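Chemist:
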């Protein structure tokens with residue numbers, strides 16, 4: 501079954517571990533190092549918050565926009 505997962509963040513979640521090490525957690529959904537940030541969030545900076553975009557499997561090429569009704573859905 502296919503699922504549509506909508507990520508609305510345009511940057512990583514920065515977390516400091518008890519050891520003091522800082523890790524960046526991917527929130528845009530495009531990282532090739534998921535769950536860690538790879539910097540691909542830089543590709544989404546120009547996106548309109550009111551639109552849903554699709555990307556190719558590599559996460560580097562924006563394929564287009566999807567017209568869907570997001571009423572009642574959970575945005576991540």
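Numbering (this note's numbering), first residue to last: 501 to 576. By construction, the Cβ of each residue, glycine as well, lies at the ideal position given by its N, Cα and C atoms. Small disclaimer: the values here were computed from a predicted structure and weren't measured.
What are the start and end residues of the beta strand (DSSP E) that includes residue 563?
Modeler: One-based indexing of the chain shown puts residue 563 at position 63. Residues 562-566.
Chemist: Measure the C-alpha to C-alpha separation of residue 506 and residue 523 and round it to an integer number of angstroms.
Modeler: Within the chain shown, numbered from 1, the residue matching residue 506 stands at position 6. Within the chain shown, numbered from 1, the residue matching residue 523 stands at position 23. When rounded, the distance between both Cα atoms is 23 Å.
Chemist: What are the boundary residues of the beta strand (DSSP E) that residue 515 is part of?
Modeler: The count along the chain shown starts at 1 and reaches residue 515 at position 15. Where residue 515 is concerned, the enclosing beta strand (DSSP E) stretches over 513-516.
Chemist: Flag this pair as yes or no: are the beta carbons of residue 541 and residue 531 separated by less than 9 Å?
Modeler: On the chain shown, residue 541 is found 41 positions in, with the first residue counted as 1. On the chain shown, residue 531 is found 31 positions in, with the first residue counted as 1. Yes, the pair counts as a contact, with Cβ atoms nearer than the cut-off.
Chemist: Tell me which residues share the same chain as residue 528 and place their Cβ nearer than 6 Å to its Cβ, disregarding the 5 neighbours each side in the sequence.
Modeler: To locate residue 528, count along the chain shown from 1; it is residue 28. Once the five neighbours on either side are set aside, the close Cβ partners of residue 528 are 507, 509, 541, 544.
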